[in-house]
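One structure is given here, and the rest of the page talks about it.
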Amino acid sequence: MSDFSILGGPPSKRDDESTVENGTARDDRETDADRRLDPPPGDATTALHRARLYSLLALGLERPGGDGGLETCDITALVDAAAAIDGTVEDAATTVSDHLTDTTGLADRWASLFGVEEGHTVSPYELTYLPGPLLTNVRQLADIRGFYDAFGLEVGEEMPYRGDHICYLTEFLGHLCLREAHLRRAGDDEGVAVVVDARRTFVEDHLGRWFWRFAGDVSAHDDGVYAALADLLAALVEDEIATLDLDPEWVPDTLEVTEWNEGIFGETGRGCGGCGADASGLDGLDGDPQRGGVPTTDDLPRGPRPDRPNGS
Amino acid sequence: MPQVYNWQLDREVEFPYEEARPDRQWAAMFDLNKCISCQTCTLACKTTWTHEEGQEHMFWNNVETKPYGSHPVGWDKRTLSDMGSMEWDGDTYEGDTIFETEDVDWDDPENHPTEEDINEDVAGFMPGTDDWRYPNLGEDEPAGERMEPDMHFDEDTHPIWFFYLPRICNHCTYAGCAGGCPVQAIYKRPEDGVVLIDREECEARLVCNETCPYKKAQFNPAESISQKCVGCYPKTEDGRAPQCFENCLGKIRLHGYINPPEEADDSDPTEEPTNPMDFLVHQKEIALPLYPQFGLEPNVYYIPPTTAPVDYLEQLFGPGVEDAFETYRAIGDGDEPALEGLLNLMGSTEWSLTAFEVDGDEAVGYYEGDEVGRVPITEPQAERDRADEVDGEEVYRLDIT
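Chains as they are written, first to last, in UniProt numbering: chain H, 1 to 312; chain X, 1 to 401.
And the structure:
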C-alpha cells in the first residue's frame with residue numbers, strides 16, 4: 001500500500017504543497033516569479049498610433065449615417081500615425097484618405113456590402129468564417145464577449161450588431177492599444193504586460209484568423225473606400241502578427257461544409273449543424289426560380305388525402 | 001488485503017486504496033419514469049464541455065435505450081460477463097466486484113496500480129475505436145413480447161418494454177478510474193467528492209478507460225490525455241445544478257449531496273428541512289445505484305422504471321427494486337406527500353437542493369438555508385376514462401392523465 005489517497009487536491013498541486021512544507025524547491029515547476037512577464041517591447045506613442053488606426057477602422061466599418069462617423073476623423077493625423085508604424089500601413093492609410101474626399105453614396109455602398117437589407121455580400125461577422133457548425137462555434141462568441149467583459153466593456157444597448165462584428169473587434173483592439181499607451185506613460189509594466197497579452201491572444205484567436213478572408217472578399221466586391229479600409233485592416237493586422245510574433249490558425253480559404261456533415265447535409269450543414277435536418281426531404285420544394293426559389297402549395301407533392309374520421 | 005466498506009453492498013470490498021470519504025459527496029437522482037430521451041442533457045453537456053477536436057466521440061452525458069442500447073457498445077454486458085455469478089443474499093452482495101474478480105492481493109506491492117498491467121487485475125475491457133461510433137445503438141427498440149394490433153397494457157410491468165437510461169459519471173466513492181490509474185493522476189475532491197483527472201499528471205496510459213466500468217473516462221487523442229465529466233463543479237461550487245440537470249426538459253433530475261447511511265439525515269421533512277438525497281436513498285430507499293455490484297459505490301441514483309420487468313431491473317439496480325416500486329406506487333396513491341412534493345421540486349429550480357420540507361400543501365427547496373423553490377405537492381390533474389368506445393370498438397389509452 002502506498003500513502004496515496006484518491007481523496008485530496010490535484011496530485012500536481014499536492015507535490016507543490018509538500019515542497020513548501022519541506023522547504024525544498026522543484027526545479028521543473030514554474031514559479032510565480034517566473035511567470036511575471038517582462039514588459040513587452042514597444043512605446044506609448046506607437047500604441048497610441050495603433051489605437052487611432054483601429055478606431056478609424058471601427059468607425060469606417062460601422063454603418064454610415066450616425067454621429068461621429070468617418071468624416072469626423074483627422075485624416076492627416078491618421079496617415080501620420082500609419083507612417084509611424086509601417087510603410088505598407090502608411091500606403092493603405094493614404095489610400096483611405098484619398099477615398100474620403102467624396103463620401104456621397106457611402107451609406108448605400110455599406111448597405112450593399114455589409115447590410116442585412118440585401119443579405120451580406122461580405123459578412124462582417126467572425127463566426128461566418130470559422131470552420132465547423134455554428135452549434136460549436138458559438139463558444140467563440142462567448143470568448144469574444146469574455147474579452148469585452150474582462151476589460152469592463154459591453155456592447156451598447158442601441159448597437160444592432162452581434163458581438164463578433166468587425167467594428168467591435170477593431171474598436172476593442174483600439175481600446176487595448178489606448179490602455180497600453182496610458183499604462184506605458186504611467187510606468188505600469190505589469191499593466192502593459194496584461195493588456196498586450198490580451199491583444200496578442202485576441203488577435204491570434206480571433207481577428208488574426210480571418211481578417212485576410214474578409215479583406216479579400218471586400219476587395220472582390222468594392223473598389224472604393226471599403227476596399228481601402230479592408231487593405232488598411234489587413235496591413236495593420238499583418239504588422240501586429242509580425243510584431244507580436246503570432247501564429248494564428250487561419251480559417252479555410254473558402255466557406256466550407258465541415259467534414260462531419262459533408263455529403264450528408266450538403267450546404268444546409270452550414271446551418272446550426274445540430275438538428276441534423278435532412279435537406280433531402282425538401283426535394284421537390286425547390287420552388288420556381290422566377291419566384292426566388294420560395295416554395296408554394298403548387299410545389300407540394302400530390303397524393304390522395306387521407307379521409308378524416310367522422311366528426312373530426 | 002485492503003478493505004473498504006461499501007454500504008450499497010452491505011459488506012467490505014477490496015480496493016487498492018484506503019477508505020477516505022469527502023466532507024460531502026456530490027450526488028444525483030434520476031427518475032427513469034420521466035425520461036423521454038430528448039437528449040437535451042446530452043447536448044447541454046456536449047456544447048459546454050466536449051465540442052473540441054479530439055472530443056468528437058465523447059458524451060460525458062449520454063442517454064441510451066435499455067435493454068438494447070449501450071454507449072460504448074456493450075459497456076455493461078461485457079464487464080458483467082467478466083464478473084461471473086452476481087448473487088445477493090438479501091441486501092448483501094455475495095458475488096465479486098470488479099476489483100475482486102481476479103482474486104488479486106492488493107496488499108502485494110507487485111499488484112499495486114502503479115505497477116504494470118493493473119488493467120489485467122480488474123474486470124472489464126478497453127473500448128475500441130468502433131465501440132464509440134454508435135451512441136444511438138438500439139434506440140427505441142422494444143424488448144419482450146411481439147406487439148399485436150389489439151394489445152393493451154393493464155399491468156404496471158408491460159409485456160413489451162424499453163426505457164431510457166441517462167448516464168453521467170457516478171463520481172464513485174471508490175472510483176474505478178482512480179483505483180486503476182497507474183500514475184495516480186485521478187482524485188476525489190475532499191470538499192464535494194467530485195472525481196477529476198489532473199491533466200498535468202495524466203500520461204494517457206488509458207487504464208482509467210478500462211477500469212471505469214461505466215466507461216466515463218475517455219481518451220482525447222488531440223490532447224493526449226483522458227477526460228471525464230467534471231460534475232460541472234464551477235456551477236455546483238456556486239450552488240447551481242450542473243448543465244445536464246438545469247437543461248433537463250423532463251425534470252427528471254435532482255442534484256444534491258448524500259451522506260453514508262450511518263451519517264444520513266433522518267429528520268422528517270414534514271417537521272424540518274431534510275437532506276433530499278438522504279431522504280430518497282436512505283429513508284425511502286426509492287432511488288437505487290446503477291450496477292452496485294461493480295463495487296464502486298456510485299453516487300448517481302435512479303428511480304427504476306415501473307414498466308420494465310423486475311428481474312432485469314434488479315441486475316441494473318440491485319435487490320431494492322420491488323420496494324422502490326411499492327413506494328413509487330404509494331406516491332401515486334397519495335400516501336407519500338413528502339416524496340411527491342420532492343419529485344415535483346425537481347427541475348423547478350436551477351439551484352442544487354441541500355434541503356427540502358413540506359409546508360402545508362407545498363414543498364419547499366433550499367440551498368444552504370436559502371429558499372430556492374416552492375411547488376404544490378399535488379398538481380391539478382384531469383383523468384380521462386381508461387377506454388372509450390369509438391365506432392363500436394373499445395379504444396384503450398396508455399396515458400390517461
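All C-beta atoms in this analysis are idealised placements derived from N, C-alpha and C, irrespective of residue type, glycine included.
Within 7 Å of any Cβ in chain X, is that where the Cβ of residue i sits?
i	result
residue 97 of chain H	no
residue 7 of chain H	yes
residue 248 of chain H	no
residue 133 of chain H	no
residue 4 of chain H	yes
residue 136 of chain H	yes
residue 10 of chain H	yes
residue 290 of chain H	At residue 290 of chain H the pLDDT is 35, less than 50, meaning the model places this residue with poor confidence and gives no usable figure here.
residue 141 of chain H	no
Is it buried or exposed for residue i, if we count other Cβ within 10 angstroms and need 16 for buried?
i	result
residue 282 of chain X	buried
residue 249 of chain X	exposed
residue 352 of chain X	buried
residue 9 of chain X	buried
residue 4 of chain X	buried
residue 180 of chain H	buried
residue 84 of chain X	exposed
residue 398 of chain X	exposed
residue 224 of chain X	exposed
residue 409 of chain X	Only positions 1 to 401 of chain X appear in the structure, and residue 409 of chain X is not among them; the question remains open.
residue 400 of chain X	exposed
residue 198 of chain X	buried
residue 102 of chain X	exposed
residue 235 of chain X	buried
State the CB to CB distance for the pair residue i and residue j, rounded to an integer number of angstroms; the pair is presumed to be in contact (CB under 8 Å).
i	j	result
residue 235 of chain H	residue 86 of chain H	7 Å
residue 53 of chain X	residue 222 of chain X	5 Å
residue 167 of chain H	residue 51 of chain H	Not a contact, Cβ separation roughly 15 Å.
residue 273 of chain X	residue 366 of chain X	6 Å
residue 214 of chain X	residue 167 of chain X	7 Å
residue 184 of chain H	residue 43 of chain H	7 Å
residue 446 of chain X	residue 219 of chain X	An answer regarding residue 446 of chain X cannot be provided, because it is not within the stretch 1 to 401 covered by chain X.
residue 97 of chain H	residue 75 of chain H	5 Å
residue 198 of chain H	residue 176 of chain H	6 Å
residue 73 of chain X	residue 131 of chain X	4 Å
residue 261 of chain X	residue 7 of chain X	5 Å
residue 357 of chain X	residue 377 of chain X	In fact, because the Cβ distance is near 11 Å, the residues do not count as touching under 8 Å.
residue 68 of chain X	residue 141 of chain X	4 Å
residue 70 of chain H	residue 100 of chain H	6 Å
residue 106 of chain X	residue 16 of chain X	5 Å
residue 203 of chain H	residue 240 of chain H	5 Å
Establish whether the CB of residue i and some CB of chain H are separated by less than 7 Å.
i	result
residue 188 of chain X	yes
residue 214 of chain X	no
residue 130 of chain X	no
residue 311 of chain X	no
residue 198 of chain X	yes
residue 152 of chain X	no
residue 184 of chain X	yes
residue 51 of chain X	yes
residue 201 of chain X	yes
residue 44 of chain X	no
residue 204 of chain X	no
residue 222 of chain X	no
residue 178 of chain X	yes
query = Okay, do the region 58 to 66 of chain H and the region 161 to 168 of chain H touch, 3+ Cβ pairs below 8 Å being the bar?
reply = Verdict: yes, contact present.
task = Would you check if there are 3 or more beta carbon pairs closer than 8 Å linking the region 296 to 310 of chain X to the region 28 to 47 of chain X?
result = Judged by pairs of C-beta atoms under 8 Å, the region 296 to 310 of chain X touches the region 28 to 47 of chain X, as three or more such pairs exist.
ask   = Taking one C-beta from the region 40 to 49 of chain X and one from the region 59 to 70 of chain X each time, how about it: are there three or more such pairs within less than 8 Å?
value = yes
task = Can you give me, in chain order, the residues of the region 204 to 216 of chain H that have a beta carbon less than 7 Å from any beta carbon in chain X?
result = none
key: Contact between the region 123 to 131 of chain H and the region 72 to 92 of chain H (3+ Cβ pairs under 8 Å)   = no
request  = State whether the region 185 to 195 of chain X contacts the region 222 to 234 of chain X, with contact taken as three or more CB pairs (one from each stretch) at a distance under 8 Å.
outcome  = yes
request  = Would you list, in chain order, the members of the region 5 to 38 of chain X that have their beta-carbon closer than 7 Å to a beta-carbon of chain H?
outcome  = 17, 18, 20, 22
ask   = Within the chosen definition, does the region 8 to 27 of chain X reach the region 158 to 176 of chain X through at least 3 CB pairs nearer than 8 Å?
value = The region 8 to 27 of chain X vs the region 158 to 176 of chain X: in contact.
query = Taking any Cβ of chain H, which residues in the region 331 to 345 of chain X have a Cβ under 9 Å from it, in chain order?
reply = Cβ contacts with chain H: none found.
ask   = In the region 352 to 383 of chain X, which residues sit with their C-beta less than 8 Å from some C-beta in chain H, listed in chain order?
value = none
query = If we count Cβ pairs, one from each stretch, closer than 8 Å, do we get three or more for the region 370 to 386 of chain X versus the region 344 to 351 of chain X?
reply = yes
inquiry  = Can you confirm whether the region 139 to 146 of chain H touches the region 219 to 227 of chain H when touching is taken to mean that 3 or more C-beta pairs between the two stretches lie within less than 8 Å?
reply    = Because the criterion of three Cβ pairs below 8 Å is not met, the region 219 to 227 of chain H and the region 139 to 146 of chain H do not touch.
message = Under 8 Å, with one C-beta from each stretch per pair, do the region 205 to 214 of chain X and the region 120 to 129 of chain X reach the 3-pair mark?
response = yes
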